[in-house]
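Participant: So in the numbering used here, the last one in the sequence shown is 309, and the numbering has no gaps at all.
Beta carbons are placed, not taken as given, at the ideal position from N, Cα and C, and that holds for glycine.
Structure in structure tokens, see below.
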Amino acid sequence: MNNLLVREPVLQQAAALLRSARSLAVLTGAGISAESGIPTFRGAGGLWKNFRPEQLATPEAFESNPELVWEWYDWRRRLINEAKPNAGHEALVILEQHFSALTVITQNVDGLHRQAGSASVLEVHGSIWRVRCTKCRDEWEDRRVPIPCPPRCKCGGIVRPGVVWFGEALPMSVWHSAECAISQCDVMLVVGTSAIVYPAAGLVPLARETNARVIEVNTERTAMSDSVDLALTGPAAEILPLLVNRCAH
Ligand code: OAD
Ligand code: ZN
């Protein structure tokens, strides 16, 4: 409980806000999976400290060196394959039982929300278990660990990870559903994201425009901590269960 800086009255306030919600949207980022052993991108121990995004997570990087990009994704697939949902993911599943309308919008590609049992999950950055042929554009699930670097399609084309890279558009229908969920919600919970990568980060101001109240859960203060209604500081796997527990009473 070293990092848990949140106090009981703040937890109670957050729980009261949640209880008052008719429709709840949750935006999650890498921080919610940190306690499952999956490194975040930024912050202490973040992946982008050791790797440059433009060398690994862009279409240009893939075109110039698909082997290198696949080696990195293969390494992440290995980590994710061994990871299990944590108490933070599980708390969101329990929260779902209190709300008829709860959508989890995640920037994570690890699939842990679905694995935990969340019913309504929008993976706006795709999934690390999906792959797509760069030639015939066919897309499918491939769970091989390790995966050949690079894998090939039946048509002979090079296969790429089915995730969204820097400079690429988000899957349109998933993104549209995310915007809808945000414009309909009256409370938004933002968990474990630095909220600086757009367009996903733009969902927070969008919620504010439609007068939703925003609660943030993060181990650190972020760029948006000052503009949210309540910022709860501490690990998601500790804070979310405490919060959900107080919602039930
Ligand atoms: P980041 O790595 O940018 O941010 C992770 C956030 O989680 C930080 O604000 C940390 O303070 C916080 N955090 C760390 N451990 C936590 C814990 N145990 N509990 C709660 N919070 C914790 O990750 P994202 O915001 O998800 O995109 O990054 C957004 C996108 O940038 C990713 O989807 C990825 C990345 O580059 C692409 O690859 C396109
Ligand atoms: Zn193909």
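Identify, in the order they occur along the chain, each residue of the same chain with its Cβ nearer than 7 Å to the Cβ of P325, setting aside the five sequence neighbours on each side.
Facilitator: Any answer about residue 325 is impossible in this case: the structure gives the chain only from 61 up to 309.
Participant: With H, G and I counted as helix, E and B as strand and the rest as coil, what does DSSP make of I256?
Facilitator: Indexing the sequence shown from 1 puts residue 256 at position 196. I256 falls in the coil class under three-state DSSP.
Participant: Where does I256 land, buried or exposed, given buried means 16+ other C-beta within 10 angstroms?
Facilitator: By 1-based counting over the sequence shown, the position of residue 256 is 196. Exposed is the call here.
Participant: Which residues does DSSP pair with G148 in a beta bridge?
Facilitator: Within the sequence shown, the letter at position 88 stands for residue 148. According to DSSP, G148 bridges with nothing at all.
Participant: Going straight from the alpha carbon of M61 to that of G103, what length do you get?
Facilitator: By one-based count along the sequence shown, residue 61 stands at place 1. By one-based count along the sequence shown, residue 103 stands at place 43. Below a pLDDT of 50, predicted positions are generally treated as unreliable, and M61, at 46, falls in that range; no measurement from the model is reported.
Participant: Can you tell me whether A261 is buried or exposed, with buried defined as 16 or more other CB within 10 angstroms of its CB?
Facilitator: Position 201 of the sequence shown, counted from the start, is the residue given in the question as residue 261. Result: buried.
Participant: Assuming the contact rule is C-beta atoms closer than 8 Å, H173 and L152 should be a hit. Round their C-beta distance to whole Å, please.
Facilitator: Walking along the sequence shown from the start, residue 173 turns up at place 113. Walking along the sequence shown from the start, residue 152 turns up at place 92. Their Cβ separation, rounded to whole angstroms, is 7 Å, which keeps H173 and L152 in contact under 8 Å.
Participant: Are there any heavy atoms of the ligand ZN lying less than 7 Å away from the beta-carbon of D198, as far as the coordinates show?
Facilitator: Position 138 of the sequence shown, counting from 1, holds the residue named residue 198. True, at least one ligand heavy atom lies under 7 Å from that Cβ.
Participant: Using 8 Å as the threshold, is the C-beta distance between T88 and A94 below it?
Facilitator: Residue 88 sits at position 28 when you count from the first residue of the sequence shown. Residue 94 sits at position 34 when you count from the first residue of the sequence shown. In this structure, A94 does not lie closer than 8 Å to T88 by Cβ.
Participant: Kindly indicate which residue of G91, A75, E131 has the alpha-carbon position closest to the one of P206.
Facilitator: In the sequence shown, counting from the first residue as 1, residue 206 sits at position 146. The option with the nearest alpha carbon to P206 is E131.
Participant: May I have a chain-ordered list of the alpha helix (DSSP H) segments no shorter than 4 residues that lie completely inside the region 225-254?
Facilitator: 232-244
Participant: Roughly how many whole angstroms lie between the Cα atoms of A308 and G222?
Facilitator: Reading the sequence shown from its first residue, position 248 is the one you call residue 308. Reading the sequence shown from its first residue, position 162 is the one you call residue 222. Approximately 38 Å between the Cα atoms of the pair.
Participant: Whole angstroms are fine: how far does the CA of G171 sit from the CA of R203?
Facilitator: Walking along the sequence shown from the start, residue 203 turns up at place 143. Walking along the sequence shown from the start, residue 171 turns up at place 111. Each residue's alpha carbon lies about 12 Å from the other.
Participant: Taking the C-alpha atoms as reference points, what is the distance between E156 and A241?
Facilitator: Along the sequence shown, one-based indexing puts residue 156 at 96. Along the sequence shown, one-based indexing puts residue 241 at 181. Rounded to whole angstroms, E156 to A241 spans 14 Å at the Cα level.
Participant: Excluding the 5 residues preceding and the 5 following G97 in the sequence, name in chain order all residues of the same chain whose CB lies nearer than 8 Å to its CB.
Facilitator: Taking the sequence shown and counting its residues from 1, the one referred to as residue 97 is at position 37. If we look at G97 and ignore the five residues flanking it on each side, its Cβ neighbours are L139, E142, A143.
Participant: Using CA coordinates, which residue listed in Q115, C196, G91 is at the minimum distance from G105?
Facilitator: Residue mapping note: residue 105 aligns to position 45 of the sequence shown, counting from 1. The shortest C-alpha separation from G105 is found at G91.
Participant: Contact check, T163 vs S180 under 8 Å by CB: the rounded distance?
Facilitator: Here residue 163 is taken as the residue at index 103 of the sequence shown, counted from 1. Here residue 180 is taken as the residue at index 120 of the sequence shown, counted from 1. Contact holds; Cβ gap of about 5 Å.
Participant: Thinking C-beta only, is P208 closer than 8 Å to I218?
Facilitator: Here residue 218 corresponds to residue number 158 of the sequence shown, with the count starting at 1. Here residue 208 corresponds to residue number 148 of the sequence shown, with the count starting at 1. Not a contact, by the Cβ cut-off of 8 Å.
Participant: Can the beta-carbon of A291 be found less than 8 Å from the beta-carbon of E276?
Facilitator: Start at 1 with the first residue of the sequence shown, and residue 291 comes out as number 231. Start at 1 with the first residue of the sequence shown, and residue 276 comes out as number 216. In contact: A291 and E276 (Cβ atoms closer than 8 Å).
Participant: By a C-beta neighbour count over all protein chains shown, 10 Å radius and 16 as the cutoff for buried, is S193 buried or exposed?
Facilitator: Within the sequence shown, numbered from 1, the residue matching residue 193 stands at position 133. Position check: residue 193 holds Cys in this sequence, whereas Ser was assumed. Under this definition C193 is a buried residue.
Participant: Restricting to Cα atoms, I'd like to know which of N278, S254, D246 is closest to A267.
Facilitator: For the purposes of this step, residue 267 is identified with residue 207 of the sequence shown, where counting begins at 1. When only C-alpha atoms are compared, the closest one is D246.
Participant: Note the first and the last residue of the continuous beta strand (DSSP E) segment covering A221.
Facilitator: Taking the sequence shown and counting its residues from 1, the one referred to as residue 221 is at position 161. The question names Ala, but residue 221 in the sequence shown is Pro. Taken as a continuous stretch (DSSP letters only), the beta strand (DSSP E) holding P221 covers 219-223.
Participant: How would you write the range of the alpha helix (DSSP H) that A291 sits in, first residue to last?
Facilitator: Working through the sequence shown from its first residue, we reach residue 291 at position 231. In the DSSP annotation of this structure, A291 is not part of any alpha helix (DSSP H); the continuous beta strand (DSSP E) holding it starts and ends at 290-293.
Participant: Secondary structure at I154, three-state DSSP: helix, strand or coil?
Facilitator: Taking the first residue of the sequence shown as position 1, residue 154 is located at position 94. Of the three classes helix, strand and coil, the one that applies to I154 here is helix, per DSSP.
Participant: Just checking G222 against the ligand ZN - is the residue's beta carbon closer than 7 Å to any of the ligand's heavy atoms?
Facilitator: By 1-based counting over the sequence shown, the position of residue 222 is 162. G222: no, Cβ never under 7 Å from the ligand ZN.
Participant: Between the C-alpha atoms of E68 and T293, what's the straight-line distance to the nearest angstrom?
Facilitator: Position 8 of the sequence shown, counting from 1, holds the residue named residue 68. Position 233 of the sequence shown, counting from 1, holds the residue named residue 293. In a straight line, the C-alpha of E68 is about 12 Å away from that of T293.
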